[in-house]
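Data block below; observations after.
2 protein chains.
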Amino acid sequence: MEKLAIPRKAVYRLSLYLRCLQKLRNNEVETVSSEALAKAVGVKPTQLRKDLGYVGQFGTRGLGYSVETLFEAIHGVMGRTSLQPVVLVGVGNLGSALLSYGGFRKEGFEIIAAFDKAPDEVKKRAARSGVPINDSRDLVKYIRNYQVKMAILTVPENAAQEVANVIVEAGVQAILNFSPAVLQVPDEVVINHVNLAVELESLSYFVD
Amino acid sequence: MEKLAIPRKAVYRLSLYLRCLQKLRNNEVETVSSEALAKAVGVKPTQLRKDLGYVGQFGTRGLGYSVETLFEAIHGVMGRTSLQPVVLVGVGNLGSALLSYGGFRKEGFEIIAAFDKAPDEVKKRAARSGVPINDSRDLVKYIRNYQVKMAILTVPENAAQEVANVIVEAGVQAILNFSPAVLQVPDEVVINHVNLAVELESLSYFVD
DNA sequence: AATTGTGAATTGATTCACAGCT
DNA sequence: AGCTGTGAATCAATTCACAATT
């Protein structure tokens, strides 16, 4: 599953640093210290430095990091250079909501197609997104054809495992799973879980 | 910030257990062992038992837990009994996507109103959701009026801190923040962070 | 016989503290 | 003088192991 020995949480934060560096780069900032960058991201400077340690050594002591160099370095490890194609499976409420949310594209991901068991029913709902809605029967063929490596899962809980089996078999290596189902997948497949209801519910414990 | 001494992650998992127990209850299952419940949720039995330990003692040794009793217990600690009102601020792409996603209601949360700086522009986009879209100027008044304790933040990054200040001042105690901004809030306010782009990006590290 | 509840052990993540560069 | 890089120390979370209970 792991590509190198970078802990999962560190990978997550590296992605945070990358976003921030991009902004600095746009503002033509040349150098940044671990302290400044860490504050911008909401972590401690030591943690930032430790995380960067997983990637290599890029700083100059006494000075800080070159924004450009550091960006390139993290981007090189983390980031797909080109637009990464993603499929979305399950065009229900949440699925079509995510389709109409265009926010992934500018982060380097493109939802190139969506799939649903009953594509006609939902076609109009998601029509404005511009993403083609296909029948789930074509899922495997499509993933193989376009060599899609990543998928967003927004199917109902009871369908999630089956869909996961199918797409993994077809070659998907990473899944962003919005269903509450706990998915069984081979070790080399990674999953991130997002459960919006639980995010809210676990917050509500703290309100009085 | 913490209400009792239950660690944040344990609270999150308790919410997971609760969902699962609800399902068991619907299926009229009477008892469940830590092993079975843990598997359903995707954690180890010992962790489940340790988590339950934060809440109290409900099991009978040799037998397991009464689904009903355990449900009541966790629900009592975690759950608002009645529908918890929530406001959503920022009706852009993601905001309107979440509005049209109806999934929160059946989990005990109701988005009772949405707010935007330019409500007219976006009104039609989110019209079908049935949630009224108001002008941000009325935010404070509204939160006070209805004593809203929770908010979903889907404003652009540069507006996030300002909105946070305003809603916290008005009485909001918990925020589900979808913006990439790192928010400064008083200790007694809790925040959950969801960054969909980063979820995807941190996955992409593991694909080849 | 089965299964909980929990103190102790372990593992993992974070932070400290400071040596090493520039 | 300032700031990185990292081994050592600390802190938090998870898992083990087993006594207690039905």
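Sequence order for the protein chains is A and B. Sequential numbering from 881 applies to the first sequence in this note's numbering. Sequential numbering from 881 applies to the second sequence in this note's numbering. We put the CB at the ideal spot given by N, CA and C, even for glycine.
Assigned exposure category for residue i - 16 Cβ within 10 Å defines buried
| i | result |
| --- | --- |
| L963(B) | exposed |
| T1034(B) | buried |
| L876(B) | Shown here, chain B extends from 881 to 1088; a query on residue 876(B) therefore has no answer. |
| E1042(A) | exposed |
| S993(A) | Inspection of the sequence shows that residue 993(A) is occupied by Ala rather than by Ser. Buried is the call here. |
| Y1026(A) | exposed |
| E1081(A) | buried |
| E987(B) | buried |
Boundaries (first-last residue) of the beta strand (DSSP E) holding residue i
| i | result |
| --- | --- |
| A1054(B) | A1054 to N1057 |
| F951(B) | No beta strand (DSSP E) contains F951(B), which is instead part of the alpha helix (DSSP H) from V947 to M958. |
| P965(B) | Q964 to V969 |
| A1031(B) | M1030 to L1033 |
| N1075(A) | Premise fails: N1075(A) is in no beta strand (DSSP E) and is neither H nor E. |
| D1015(B) | I1013 to D1015 |
| D996(A) | F989 to D996 |
Cβ-Cβ distance between residue i and residue j below 8 Å
| i | j | result |
| --- | --- | --- |
| V1046(A) | V1069(A) | no |
| L932(A) | N1072(B) | no |
| M958(B) | Y1085(A) | yes |
| A977(A) | A977(B) | yes |
| V1028(B) | V971(B) | no |
| R899(B) | P1060(A) | yes |
| V1020(B) | A1050(B) | yes |
| V921(B) | V947(B) | no |
| S914(A) | L928(A) | yes |
Min CB distance residue i to chain A below 8 Å
| i | result |
| --- | --- |
| V1046(B) | no |
| G933(B) | no |
| G1051(B) | no |
| Y1022(B) | no |
| S1059(B) | no |
| N1072(B) | yes |
| L1083(B) | yes |
| R941(B) | no |
| F938(B) | no |
Host alpha helix (DSSP H) of residue i (start-end)
| i | result |
| --- | --- |
| L896(A) | R888 to N906 |
| A918(A) | S914 to V921 |
| A885(B) | Element bounds for A885(B): n/a, residue is neither H nor E. |
| E1037(B) | E1037 to A1050 |
| K1021(B) | L1019 to Y1026 |
| S1009(B) | Note, S1009(B): premise wrong, no alpha helix (DSSP H); not H, not E. |
| P925(A) | P925 to V935 |
| A1061(B) | Taken as a continuous stretch (DSSP letters only), A1061(B) belongs to no alpha helix (DSSP H), as it is neither H nor E. |
Residue i at chain B interface by Cβ criterion, 8 Å
| i | result |
| --- | --- |
| Q964(A) | yes |
| F995(A) | no |
| D980(A) | For the record, residue 980(A) in the displayed sequence is Ser; it is not Asp. Interface residue, yes. |
| F951(A) | no |
| Y1026(A) | no |
| N973(A) | yes |
| F984(A) | yes |
| L904(A) | no |
| V1011(A) | no |
| S913(A) | no |
| Y892(A) | yes |
Pairwise C-alpha distance: residue j and residue i
| i | j | result |
| --- | --- | --- |
| G975(A) | I1055(B) | 23 Å |
| A1039(A) | S1016(B) | 40 Å |
| V1074(A) | V912(A) | 32 Å |
| V935(B) | R893(B) | 12 Å |
| I886(A) | V1062(A) | 24 Å |
| A890(B) | G983(B) | 23 Å |
| E882(A) | R888(B) | At E882(A), the pLDDT of 49 sits below 50, so the modelled position is not reliable; the number obtained from the coordinates is stated separately. Using only the alpha carbons, I get a separation of about 26 Å. |
| I1013(B) | F995(A) | 31 Å |
| V1065(A) | R1024(B) | 47 Å |
| N973(A) | I991(B) | 15 Å |
| I1032(B) | N1057(B) | 6 Å |
| G944(B) | Q937(B) | 11 Å |
| L904(A) | A916(A) | 11 Å |
| Y897(B) | S1009(B) | 30 Å |
| Q1053(B) | L1076(A) | 18 Å |
| F951(B) | R960(B) | 13 Å |
| D1067(A) | S895(A) | 22 Å |
| T940(B) | D1088(A) | 31 Å |
| E1079(A) | G942(B) | 34 Å |
| I954(A) | Y981(A) | 27 Å |
| R985(A) | V969(A) | 17 Å |
| N907(A) | T949(A) | 15 Å |
| V1011(B) | F989(A) | 30 Å |
| D1000(B) | K924(B) | 50 Å |
| A918(A) | G956(A) | 20 Å |
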